[in-house]
Amino acid sequence: MALLRAATRRVVIFLVTVLVASAVIFGIVQALPGDVALATLGMGASPESVDALRVQWGLDRPLALRYLEWVVGMVHGDFGASYLTGQSVVSQIGPPLAVTAWLVGLSMPLSLLAALPLGLVGAMGRRRWFGVSVNAATHVGLAIPVFFVGAILTIIFAVKLRWVRANGYVPLTTSPGEWAIRLVLPVASIVIVQACFLARYVRAGFIDVLTEDYYRTARAVGWTRWRGLWRHGIRNVATSVVTVIGLQLASLLVGAILVEQTFAMPGLGSLLVQAVRRRDLMVVQGVGMLLVAAVLTVNFLVDLAYLAIDPRLKRGGRS
Amino acid sequence: MRSTRFGVAVAAVLAVTTLLTGCGGPTPTVSTGKSLTIGVTLEPPTLDFTVSDAASIPQALLYNVYETLVKIDAAGEIKPLLATDYSVSSDDKTYTFQLDPKATFASGTPVTADAVVSSINRMRQGTSQILQRGLSVIDHVRAVDDGTVEVTLSSPSNFWLYAMTSTPGIILDPAVTDLATAPMGSGPYVFDSWAKGDRITLKKNPDYWGTPGRFNDVAFRYIPDPNAMVSAMLSGDLDIMGEMISPDSLAQFSNSEAYTIISGTTNGEVVLGFNHDRSTLKDRLVRQAICYAIDRQGLVDTVWGGQGTVIGSMTVPTDPYYEDLAGAYPYDPAKAKQLLAEAGVTNLALSLRVPITPYAPPAATYIASQLGEIGVTVTVEELDFSSRWLPEVYRDGNYDMTIVSHVEARDIVNFANPKYYWHYDNADFRSALEKADTAAPKDFVPDMKVAARILADDAAADFLFDFPNLIVARAGIVGIGENATSLSFDVTTIAAKE
């Protein structure tokens, strides 16, 4: 019963957030400076042709009406169509979504996989040379922007050594080999920066455990330092790391723009940049809504993960 | 047991690291003569050129997939393509085209007079500004017989035939249903696929009626980021870098054994435009003073790496009527000051509102500093092209000076339109231009020279330089046109020597 109520509350919050977000996105997009019709026609535009295009696209109708149409359409699964091409927004978002999903979906687990040992070593050796150097390295990694890492990796592995492709994207279904070889550098760039970021939280989490009574007890009954830390520390670390991953996933989805531009990948970020440049407002709105939904979903999954990690929450200890 | 699990984790991390650093990854094969990949900057919004004037559409499709009755060659001359020959009536109003009897569309259908007539009539219905402007002079089109098409104009027009070498003259396969996604023409390549955000791929037309294409497939890859473009070229992913966004990167391709650098001209005039609605800029002496005050060769050297030809009117070296007027206003600050004094203008302050493009802001800084030398205060403002420059400068005329590269061919005609954003209103120029357009074809060139000279004498704008056509090709790629005389990236002449 309590679970059902919690679930209902979640769904209501989700819907209200989406609705508010739709109004905000629509408002911002409409407030973008510039005229859609003029931006499309460019320097060949005459005032008459601009007006004609505005009428053709229905941009001369009241804002509220257009907003309502858009929202009602979305409820029916219709996210509108690009003004210029008439192509549906849903069909335009599909392929870029796959690109971004692969990029983020591969980078995040790999980052975690790299961050765990780095953080563990950093915590265990926090007063020894190896721990200090791992810690220093993660700080350096954190200070470098992801596109810079990307540029360096490109110069070394694509231009000098020619082991991998510099940029671009080929769908998995077209050629798995090309797909993989073009994803290596962008994924590696994200992993290097994200792993350094996560490693700091992992390290802090393990260091907390080192001062806990239960750790001292484990040591007293004869557990080795590494085993005690791993066994008792992992749940403690998991809570904070899951929170951070949740936040990072959201910012990564949105921040993929930089990586996609650096590596000329046709992902959501590139689509968004291009749509804004062309003032293809329906596409901008559609991508905006998708990102909002994705962030909300990630938050929901993070909450689920808390339940799995912390048994106290399952017993209804949560307010 | 725990330590084993830890060991597995370490092994996994090591494995991943190995994978990420690329050790043992397959080596990309260098492309062979069978396929050609060209890196360009802007992706078309749609492939329907009857709706959109985006230059990226003909860049990929014109002459490669679509053909016209006549084409413009690398020297800027009109040459036969689907028409073997054409004649003009004595009143210069009727053009008769003889179609090549061998010509067929890629679908196998012959290019008949009926197909040409219906295609031209379809183009006349297009909403694109370029199509409307190019074809509005047509009165009617008819098929004389299977291989002869007659186009009658409402008044003589030399610009019309030239327009027919570009998108307005494209002859469509009558079977085409969706221009936006499935172009069908008569060229040596056929449209294959469009991976949005990444590339457009063309395939060889195996039954081409003329000299067949040399590649099995040709891909235009769209890479908006200049660094990503250079990396893709340096890593061997591209055969041709079709556009150089910034000449700074030229140095990276200096190894002449690996790369060929092609530097030619384009139809793009980089223009310092004056707002002729402003009282100070209405004064010819003030405009001339500004022209004398700017060292254009110095500007090209400083902001564009010395690449680009200094020009003197709204015409580029490949225009048949081009005349070198670059010396009309030699760099002479003393003369500039003297002209300002003559005009009785003191404490002149002007805004220079430029779109954010690779060339305009640095050029604006250079110009502001040079005009400062003659006592003109220039306030430079950089504006986003779509959201601010188009509505504020182009539409509302809220500016004194601006810098734009006018990439369309023969866009000298814009100076005849007082509503265009320069608000240039000169009856002499308009009549000279009209005279050239309606003249007998043999008088077109001399008459155009007269019109171009009027713009130079009047300092209608400061014509800074012709935007260079900078292309990098990997060694072995031959046949790339040095000068970009049309909107097409013409791959029909390109081949690979292996």
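Chains W and V supply the protein sequences, listed in that same order. Start counting the first sequence at 52; every next residue gets the next number (my numbering). Start counting the second sequence at 13; every next residue gets the next number (my numbering). Glycine residues also receive a C-beta, built at the ideal position from the N, C-alpha and C atoms.
Roughly how many angstroms separate the alpha carbons of Leu111 of chain V and Tyr78 of chain V, rounded to a whole number? 15 Å
With 16 other Cβ atoms within 10 Å as the buried cut-off, status of Asp440 of chain V: exposed
For the segment 137-148 of chain V and the segment 81-99 of chain W, state whether three or more C-beta atom pairs, one from each stretch, are separated by less than 8 Å. yes
Going by DSSP, which residues form a beta bridge with Met413 of chain V? V:Phe286 and V:Leu364
Consult DSSP for Phe208 of chain W and reduce its assignment to one of helix, strand or coil. helix
Cα-Cα separation, Gln371 of chain W to Leu303 of chain W: Outside the modelled stretch of chain W, which goes from 52 to 370, sits residue 371 of chain W, for which no answer is possible.
Distance cutoff 8 Å, beta carbons only. Does Phe20 of chain W sit that close to anything in chain V? The first residue shown for chain W is 52 and the last is 370, placing residue 20 of chain W beyond what the model contains.
Amino acids of chain V, ordered along the chain, whose beta-carbon sits closer than 8 Å to that of Asn350 of chain W: What Asn350 of chain W touches in chain V: nothing, since even the nearest Cβ is about 27 Å away.
Looking at the unbroken beta strand (DSSP E) that takes in Ile90 of chain V, where does it start and where does it end? Ile90 to Pro92
According to DSSP, is Val266 of chain W part of a helix, a strand, or is it coil? Residue identity check: residue 266 of chain W is Tyr in the sequence provided, not Val. Tyr266 of chain W falls in the helix class under three-state DSSP.
Got a sec: which bits of the segment 382-412 of chain V sit with their beta carbon under 7 Å from any beta carbon on chain W, in order along the chain? Ser398, Ser399, Arg400, Leu402, Pro403, Tyr406 and Arg407
Over what stretch of residues does the beta strand (DSSP E) that includes Pro480 of chain V continue unbroken? Ala473 to Arg486
With DSSP run on the structure shown, which of helix, strand or coil describes Ile386 of chain V? coil
When DSSP labels each residue in this structure, what does Tyr134 of chain W get in the three-state scheme? coil
Provide the residue span of the beta strand (DSSP E) that contains Gly138 of chain V, from first to last. Where Gly138 of chain V is concerned, there is no enclosing beta strand (DSSP E), given that its DSSP letter is neither H nor E.
For Val200 of chain W, I'd like the list of residues in its chain whose CB is within less than 7 Å of its CB, leaving aside the five on either flank, ordered along the chain. Ser240, Ile243 and Val244
Checking 8 Å against the spacing of the C-beta atoms, do Ala174 of chain W and Ile258 of chain W come in under that value? yes
Under a CB-based cut-off of 8 Å, is Pro92 of chain V close to chain W? no
What does the Cβ neighbour count give for Ala217 of chain W, buried or exposed, with the cut at 16 atoms within 10 Å? buried
Report the CB separation of Ala125 of chain V from Asp157 of chain V in whole angstroms; it is logged as a contact under 8 Å. 7 Å
Mind listing which residues of the segment 80-91 of chain W have their C-beta closer than 7 Å to chain V's C-betas, in chain order? Leu83, Pro84, Gly85, Asp86, Leu89 and Ala90
May I ask you to check if the CB of Leu499 of chain V is nearer than 7 Å to at least one heavy atom of the ligand ATP? Looking for the ligand ATP in the displayed structure turns up nothing, as the structure carries no ligands at all.
Members of the segment 308-322 of chain W that neighbour chain V once the beta carbon cut-off is set at 7 Å: Gln312, Thr313, Phe314, Ala315, Pro317, Ser321 and Leu322
Enumerated in chain order, which unbroken segments of the alpha helix (DSSP H) with a length of 4 residues or greater are wholly contained in the segment 304-357 of chain W? 319-329
Figure out for me which residue from V:Ile415, V:Gly491, V:Thr330 and V:Leu445 has the closest Cα to the Cα of Val425 of chain V. V:Leu445
Which class does Ala24 of chain V belong to by DSSP, given the choice of helix, strand or coil? Residue confidence for Ala24 of chain V is low, a pLDDT of 42 falling below 50, so the modelled location carries little weight; the figure read from the coordinates is stated next. Helix.
Does Pro57 of chain V come within less than 8 Å of chain W when only Cβ atoms are used? yes
Listing by chain order, which chain V residues have their CB less than 7 Å from the CB of Pro146 of chain W? Lys208
At a CB-CB cut-off below 8 Å, which residues of chain B make contact with Met159 of chain W? Here the protein chains are W and V, and chain B is not one of them.
What in chain V is Cβ-close to Met340 of chain W, meaning under 8 Å? Those do not exist, as Met340 of chain W stays about 19 Å from chain V at its closest Cβ, beyond 8 Å.
Whose Cβ in chain W lies nearer than 7 Å to the Cβ of Leu246 of chain V? Val210
Could you work out which residues of chain V lie near Met175 of chain W, taking near to mean beta carbons separated by less than 9 Å? Ordered by position in chain V, no residue passes the 9 Å Cβ test against Met175 of chain W, which lies about 12 Å from the chain.
Leaving aside the five residues before and after Gly219 of chain W along the sequence, list all residues of the same chain whose C-beta is less than 8 Å from its C-beta, in chain order. Arg233, Phe314, Ala315 and Met316
So that I know if they touch, is there some Cβ in chain V lying closer than 8 Å to that of Thr268 of chain W? no
Three-state class that DSSP yields for Asp102 of chain W in the structure shown: helix
Tell me whether Gln137 of chain V is buried or exposed, calling it buried when 16 or more other Cβ atoms sit within 10 Å of its Cβ. exposed
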